[in-house]
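Protein chains: 2
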Amino acid sequence: MPPPSARQPRAALAPAAAPTLSGAVLEHLRRDILECRWSPGARLRFEALRAHYAVGISPLREALSRLAVEGLVVGVDRRGFRVAPVSLDDLDEITDLRCEIEGLALRWSIERGDDGWEAAIVASFHHLSRVDSELPGRVPRLSDEWERRHTAYHQAMAAACGSARLMQLRAQLFDQTNRYRRLVIAYSKVPRDDRGEHRALMDAALARDAERAVALIHRHIRHTADLVRAIYGAKGAETLARAAGRVRARPAAARRAA
Amino acid sequence: MPPPSARQPRAALAPAAAPTLSGAVLEHLRRDILECRWSPGARLRFEALRAHYAVGISPLREALSRLAVEGLVVGVDRRGFRVAPVSLDDLDEITDLRCEIEGLALRWSIERGDDGWEAAIVASFHHLSRVDSELPGRVPRLSDEWERRHTAYHQAMAAACGSARLMQLRAQLFDQTNRYRRLVIAYSKVPRDDRGEHRALMDAALARDAERAVALIHRHIRHTADLVRAIYGAKGAETLARAAGRVRARPAAARRAA
DNA sequence: ACTCCGGAGATTTTCGAAAATCCATGTTGA
DNA sequence: TCAACATGGATTTTCGAAAATCTCCGGAGT
Numbered sequence: 014m015p016p017p018s019a020r021q022p023r024a025a026l027a028p029a030a031a032p033t034l035s036g037a038v039l040e041h042l043r044r045d046i047l048e049c050r051w052s053p054g055a056r057l058r059f060e061a062l063r064a065h066y067a068v069g070i071s072p073l074r075e076a077l078s079r080l081a082v083e084g085l086v087v088g089v090d091r092r093g094f095r096v097a098p099v100s101l102d103d104l105d106e107i108t109d110l111r112c113e114i115e116g117l118a119l120r121w122s123i124e125r126g127d128d129g130w131e132a133a134i135v136a137s138f139h140h141l142s143r144v145d146s147e148l149p150g151r152v153p154r155l156s157d158e159w160e161r162r163h164t165a166y167h168q169a170m171a172a173a174c175g176s177a178r179l180m181q182l183r184a185q186l187f188d189q190t191n192r193y194r195r196l197v198i199a200y201s202k203v204p205r206d207d208r209g210e211h212r213a214l215m216d217a218a219l220a221r222d223a224e225r226a227v228a229l230i231h232r233h234i235r236h237t238a239d240l241v242r243a244i245y246g247a248k249g250a251e252t253l254a255r256a257a258g259r260v261r262a263r264p265a266a267a268r269r270a271a
Numbered sequence: 014m015p016p017p018s019a020r021q022p023r024a025a026l027a028p029a030a031a032p033t034l035s036g037a038v039l040e041h042l043r044r045d046i047l048e049c050r051w052s053p054g055a056r057l058r059f060e061a062l063r064a065h066y067a068v069g070i071s072p073l074r075e076a077l078s079r080l081a082v083e084g085l086v087v088g089v090d091r092r093g094f095r096v097a098p099v100s101l102d103d104l105d106e107i108t109d110l111r112c113e114i115e116g117l118a119l120r121w122s123i124e125r126g127d128d129g130w131e132a133a134i135v136a137s138f139h140h141l142s143r144v145d146s147e148l149p150g151r152v153p154r155l156s157d158e159w160e161r162r163h164t165a166y167h168q169a170m171a172a173a174c175g176s177a178r179l180m181q182l183r184a185q186l187f188d189q190t191n192r193y194r195r196l197v198i199a200y201s202k203v204p205r206d207d208r209g210e211h212r213a214l215m216d217a218a219l220a221r222d223a224e225r226a227v228a229l230i231h232r233h234i235r236h237t238a239d240l241v242r243a244i245y246g247a248k249g250a251e252t253l254a255r256a257a258g259r260v261r262a263r264p265a266a267a268r269r270a271a
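Heads up: the protein sequence lines correspond to chains A and B, in order. Under this note's numbering, the first residue of the first sequence is numbered 14, with each subsequent residue one higher. Under this note's numbering, the first residue of the second sequence is numbered 14, with each subsequent residue one higher.
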């Protein structure tokens with residue numbers, strides 16, 4: 014009988030323990046892509062993934078198929094999958110759509126939100142604010158933990174919109190923006206008062222001032238896009254793609270694009 | 014050497030010939046669900062699907078996984094997949110969101126559309142109008158062909174919005190409404206001038222009157238929802254689900270919900 | 001120099017069976 | 001009577017290998 018840890022320790026799959034291998038590798042792969050552990054545009058070969066995640070091809074195919082529908086990977090029949098590439102045009106498209114979608118979710122939330130919604134916003138904002146003092150790393154905003162709390166904050170803002178589909182949609186678009194956010198955090202010289210932006214947004218929402226809140230979230234969203242453009246607008250698109258490959262999070266084992 | 018048609022004729026897969034079995038079964042399964050050949054809420058067992066589509070489990074799993082992300086099937090880890098159920102609450106949610114999304118796509122299209130966009134609208138409207146005289150069936154609006162042309166018409170309206178993501182999103186929501194549309198067509202006693210609605214919408218778009226066009230598409234979308242509610246609002250939710258199971262298209266081999 | 005072909009290796013896709021899990025049913029014990 | 005539990009068939013999930021396809025590279029012919 015082989016010892017329990019005969020093979021690779023499976024790279025600590027399952028953030029919240031998906032009962033299925035497929036689900037676990039899906040979540041893990043999604044995080045790895047969002048944090049650029051697999052570079053934008055990189056080829057995702059089954060053999061490499063199999064070795065990295067210590068699973069067979071079946072769960073991998075299923076995970077990649079789902080991610081393809083989500084837009085995080087691009088698959089072409091019979092010639093494999095790659096990580097969805099990044100580009101300024103793509104960023105523009107996401108940004109425009111995200112303004113509308115997040116704006117809508119926020120508007121509906123402000124209409125329909127109750128005390129619980131307000132409380133959750135305050136809590137998540139507080140939690141997000143504390144990350145700077147709690148986390149020792151040099152760039153806390155690139156940490157897993159900051160991203161988690163940032164995600165939770167924006168989700169809390171939209172949570173009372175009353176539409177599960179809208180929530181899922183905005184979460185997807187939020188995810189798709191993640192890699193661009195990392196670029197700004199890593200390379201932008203301009204200091205950004207994101208805490209202030211988040212606080213102003215929260216205040217407007219709690220004051221039930223939909224117009225102001227929507228204007229603020231638009232500015233918040235466009236701000237990121239503007240900063241990316243400020244850095245990479247002049248340089249070629251290649252630069253952006255390559256830079257994205259360098260902001261990968263720590264436990265990296267991913268090779269760059271082929 | 015076995016003859017080309019040694020095994021089952023594979024049920025005429027591949028509307029536009031997806032090169033991959035997985036892709037073909039995905040498209041086929043999607044159509045079958047949209048046309049209620051598998052009843053809303055019905056259990057989708059691999060063995061039954063394997064027999065019906067004459068493919069192995071791997072392509073089926075991939076297709077179901079994708080459809081789950083699209084929202085057309087619901088999967089629960091380790092206890093299989095079912096066709097997404099229908100309900101009045103679900104219809105309300107889709108309707109509200111679809112008004113916003115289709116409205117947005119239309120608005121952007123009207124801003125950005127060129128001659129080619131206009132021409133495509135006129136063409137698709139004409140094509141859609143002709144279906145009544147061309148198709149001999151008793152209820153042409155339940156036919157594959159009408160659905161195809163109706164889909165094409167609404168896609169043409171949105172086509173100039175400039176965002177591939179928005180196009181995909183609106184297509185998904187349009188699909189998710191399909192089963193409710195079929196219910197109205199099959200059971201509503203109120204005669205509906207859908208041709209008139211489509212014409213008015215087209216005219217407003219071609220006149221570049223965004224406000225009017227958006228108002229019209231809202232009315233168009235809500236009209237369907239109102240008719241469903243008129244039929245099933247009083248009766249229990251069960252009735253609606255069961256009725257949906259009866260509007261399935263012809264080459265039916267699908268059993269009802271388990 | 002350049003295009004077209006052919007073959008070897010790499011890669012994806014699919015199948016069939018093994019393993020793991022679920023579910024309905026009947027049984028035990030209080 | 002009833003809840004907890006065991007049991008066997010049904011079902012999903014996963015693997016490993018076979019089949020199909022793609023990609024790259026060198027050679028032939030123009």
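In this text, a Cβ means the ideal position worked out from N, Cα and C, and glycines have one as well. Since the structure is predicted, the reported quantities are computational estimates derived from the model, not experimental observations.
- Against chain B, the beta carbon of D90(A) has neighbours under 9 Å at A31, P32, T33, S35 and G36, listed in chain order.
- Of all residues in the stretch 95-112 of chain A, the ones placed with a Cβ closer than 8 Å to any Cβ belonging to chain B are E106, I107, D109 and L110, in chain order.
- If the five residues before and after A169(B) are omitted, its C-beta is found closer than 7 Å to the C-beta atoms of A133, I134 and S137, all from its own chain and listed in chain order.
- Under the three-state reduction of DSSP, G88(B) is assigned to strand.
- Collapsing the DSSP output to three states places V38(A) in a helix.
- Within 7 Å of the CB of E83(A), the CB atoms of chain B belong to V82, in sequence order along the chain.
- Contact check between the stretch 57-68 of chain B and the stretch 31-43 of chain B: three or more CB pairs, one atom from each, fall below 8 Å, which counts as touching.
- The CB of S71(A) comes closer than 7 Å to the CB of S71 in chain B, given here in chain order.
- The CB of S176(B) comes closer than 8 Å to the CB of E106, D109 and L110 in chain A, given here in chain order.
- Only residues of its own chain outside the window of five on either side were considered, and among them none has a CB closer than 6 Å to the CB of G246(B).
- Distance check between M180(A) and each of I244(A), K248(A) and H167(A) places H167(A) closest, using alpha-carbon atoms only.
- Bounds of the alpha helix (DSSP H) holding R192(A) are A177 to Y200.
- For R192(A), the closest of R91(A), I114(A), L85(A) and S176(A) by C-alpha to C-alpha distance is L85(A).
- Inter-residue distance for A226(B) and L214(B) is about 6 Å (C-alpha atoms, whole angstroms).
- As DSSP reads the structure, L57(A) sits in a beta bridge with F94(A).
- Contact of E75(B) with chain A is assigned, a C-beta pair being separated by under 7 Å.
- In this structure, DSSP gives D127(B) a state outside helix and strand, which the three-state scheme calls coil.
- Of all alpha-carbon atoms in S176(A), T33(A), R143(A) and R242(A), the one lying nearest the alpha-carbon of R162(A) is that of R143(A).
- Looking at A223(B), A76(B), D157(B) and P204(B), the one whose alpha-carbon comes closest to that of R125(B) is A223(B).
- Taking a beta-carbon distance threshold of 7 Å, S78(A) counts as an interface residue toward chain B.
- Nearest in C-alpha terms to D239(A), of all of A184(A), A254(A), R259(A) and D102(A), is D102(A).
- Looking from the CA of W159(A), the closest CA among R50(A), A262(A) and F94(A) belongs to A262(A).
- Below the 8 Å Cβ cutoff, chain B contributes L110 as neighbours of L179(A), in chain order.
- For H231(A), same chain residues with a beta-carbon under 6 Å away, outside a window of 5 residues either side, are C112 in chain order.
- For L117(B), the C-beta contacts it makes with chain A under 8 Å involve E113, in order along the chain.
- The stretch 114-123 of chain B and the stretch 171-178 of chain B touch, with three or more beta-carbon pairs separated by less than 8 Å.
- One finds nothing in chain B with a Cβ atom closer than 9 Å to the Cβ of L47(A); even the nearest lies about 16 Å away.
- In this structure S146(B) is exposed. Its beta-carbon is surrounded by fewer than 16 other beta-carbon atoms within 10 angstroms.
- Here DSSP, grouped into helix, strand and coil, assigns C112(A) to helix.
- Taking C-beta separations shorter than 7 Å and ignoring five residues to either side along the sequence, the partners of G116(A) in its chain run V227, I230 and H231, following chain order.
- Excluding residues up to 5 positions away in sequence, A173 lie with their Cβ nearer than 8 Å to the Cβ of D127(A) in the same chain.
- Against chain A, a Cβ distance below 9 Å from L42(B) picks out nothing, because the smallest value is about 13 Å.
- In the three-state scheme derived from DSSP, where H, G and I count as helix and E and B as strand, S122(A) is classed as helix.
- DSSP places A262(A) outside both helix and strand once states are collapsed to three, so it counts as coil.
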